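For what it's worth, this note's numbering labels the leading residue of the sequence shown as 679, then goes sequentially.
Every residue, glycine too, gets a C-beta built ideally from N, C-alpha and C.
These figures come from a predicted structure and were not determined experimentally.
As structure tokens, the structure follows; a few thoughts come after it.
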Amino acid sequence: MKFGTKALHAGISPDPSTGAIMTPIFQTSTYVQEAPGVHKGYEYARTQNPTRNVLEHNLAALENGKFGRCFSSGMSATETVLKILKPGDEVISTSDLYGGSYRLFTKVFSKFGIKFIFVDMKDSSNVEKVITDKSKLIWIETPTNPMMKIIDIKEIAEIGRLRNIITAVDNTFASPYLQNPLDLGADVVMHSVTKFIAGHSDVVMGFLGTNDPSLDEDFGFIQKSSGAIPGPQDCFLTLRGIKTLHVRMQRHCENGEVVANYLRNHPNVEKVFWPGFEDHPNHEVAKKQMKGFGGMISFIQKEDTLEQAKETLSRFKIFSLAESLGGVESLVGHPASMTHASVPKEQRLKVGLKDSLIRLSVGIEDVVDLINDLEGALR
Ligand code: P1T
């Protein structure tokens, strides 16, 4: 089955008791048993919920994975991967990544004796240089948030495989439509489902997919032990959102390309970060591992100051100033004070994230209106 057909049908069948074509919202915390231990496969909703199970099968299929699990947020999915580690273990992570992931790594899990080493993975050999016998996990985010760097998943997954290190990829910025890390050799794919997958800015959720039964078992054990599960209503909304994922992504990519080129030719713009440009440092890798370049774009103006960035941000009328991304409506954000405020300034500057950087999540509106909005904001 091709992607669009899978989005609509994989793991989904009419409700056997009524024929309802839409997966029902099983709003229940428990399930009646005929006798102790005699039940229909469902015991307690922290462990199993039919609406969630359908979504998990559907998302696993979209990532070409055998197993999938949904969590109450992207961060709780990430946390679940970290919880398979033990004190003394080392994680090699992308240096440019979502500020919340950086905070989880450095402020929460480092307290429990896990060491995080941040490297620029644009060049895969940088990963090899820091591997020790304690390295247990390689954490990749690509495209990176917010600098839009591209990391070669296949090359790094191979480095991990040879050294017996798990490779996990945060695939949030690409979505399963544009990139499938498991196909490229990664052991785990993670998503903030909140973003492109759910797609309508009305759900917070996370996902982990894998082909490795023992990793899936670990994730399931942590899921039921820690309890960071999504509610059935959110699973329903996400299943509904996924039905248009491929169509939305095509429009995000089309609009993204127009906006990126417009910005690049704008006299007030100094630099645009978007992997679709031929002179993007890892454009060839992006072409190889992605189906398109998406609608996430960052840029810096010629007047390269925080004050100018704030003034520009105040002039948008269609792009809404907000955290998050990947919804149908266009958003504009200021990473230094919003999504990446928890990353210390010197670390931000190391990866090129200046106070003047503006990030766009280009939605699926008529692109001419988006260009007019940018024209007004950049005047
Ligand atoms: O918000 P949550 O569903 O918990 O997902 C966290 C997360 C994980 N990974 C990436 C790459 C992300 O971008 C995010 C969340 N990011 C934003 C809210 C943002 O505006 O960048």
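Taking C-alpha atoms, which residue in the options lies nearest to residue i?
i	options	result
S751	G909, V1021, T983 and C931	G909
K995	S1002, I699, V1029 and G1054	G1054
D830	S1034, G884, M968 and V1046	M968
G838	M826, Y722 and I809	I809
K980	S1008, L1035 and F914	L1035
A738	I828, S779 and L886	L886
I795	G905, D693, D767 and H930	D767
Q1025	V797, G898 and E1007	V797
A846	Y855, T820 and H924	T820
S788	K761, S1008 and H944	K761
V882	S695, P1013, S754 and G715	S754
I907	P728, G719, A1014 and G682	P728
F681	P854, H961, G777 and S773	P854
F914	G877, T822 and L862	G877
N960	G715, K800, I770 and L917	K800
A864	A1019, I699, F783 and N842	N842
A987	N823, L1052, T701 and D848	L1052
A964	T822, V1021, S1015 and E1001	T822
V1117	T772, L782, L923 and D1047	Nothing about residue 1117 can be read from this structure; the chain reaches only from 679 to 1057.
T701	S1015, T916, V1010 and D1047	T916
K744	V1010, V866 and S1020	V866
Between residue i and chain D, is there a C-beta pair that is closer than 8 angstroms?
i	result
Y722	Any reference to chain D falls outside this structure, which holds one protein chain only.
Whole angstroms are fine: how far does the CA of residue j sit from the CA of residue i?
i	j	result
E645	K793	No answer is possible for residue 645: it lies beyond the span of the chain, which begins at 679 and ends at 1057.
G972	N1050	20 angstroms
G970	G954	8 angstroms
I844	I816	6 angstroms
C677	E757	Because residue 677 is not part of the residues shown, which for the chain are 679 to 1057, the question remains open.
I818	F704	35 angstroms
N858	G919	19 angstroms
L740	E985	43 angstroms
A852	Q711	42 angstroms
K1023	L775	14 angstroms
L999	L1038	9 angstroms
P1013	R730	32 angstroms
K921	V1006	13 angstroms
R1057	P945	10 angstroms
P694	Y720	16 angstroms
V805	G778	22 angstroms
K1032	I834	27 angstroms
K785	T1017	16 angstroms
V950	E895	42 angstroms
E989	I978	13 angstroms
F897	Y780	21 angstroms
D811	E935	43 angstroms
V732	P824	32 angstroms
S879	E1043	15 angstroms
L840	G1004	35 angstroms
M927	V947	26 angstroms
L941	D861	33 angstroms
Can you have a look at residue i and say buried or exposed, based on whether 16 or more other CB atoms are within 10 angstroms of its CB?
i	result
V759	buried
M679	exposed
T983	exposed
A713	exposed
M826	buried
I900	buried
D912	buried
I1085	Within the shown structure, residues of the chain are numbered from 679 to 1057, placing residue 1085 beyond reach of any answer.
I975	buried
G1041	buried
V769	buried
H717	exposed
K814	buried
T850	buried
So who's on the other strand from residue i, going by DSSP bridges?
i	result
L748	Note on residue identity: the sequence assigns Cys, not Leu, to residue 748. Paired residue(s): F885.
H869	F885
M974	S1039
L915	Answer is none; L915 lacks a bridge partner.
W817	S771 and A846
T708	Y722
F794	V769
A713	V716
Q979	V947
S992	Looking at the DSSP assignment, S992 forms no beta bridge with any residue, so it has no partner.
L999	V1010
I want to know whether the segment 891-902 touches the segment 868-876 - three or more CB-CB distances under 8 angstroms.
no
Taking 8 angstroms as the threshold, find out whether the segment 716-725 comes into contact with the segment 914-933 through three or more Cβ pairs.
no
Three CB pairs or more closer than 8 angstroms across the segment 730-737 and the segment 686-695
yes
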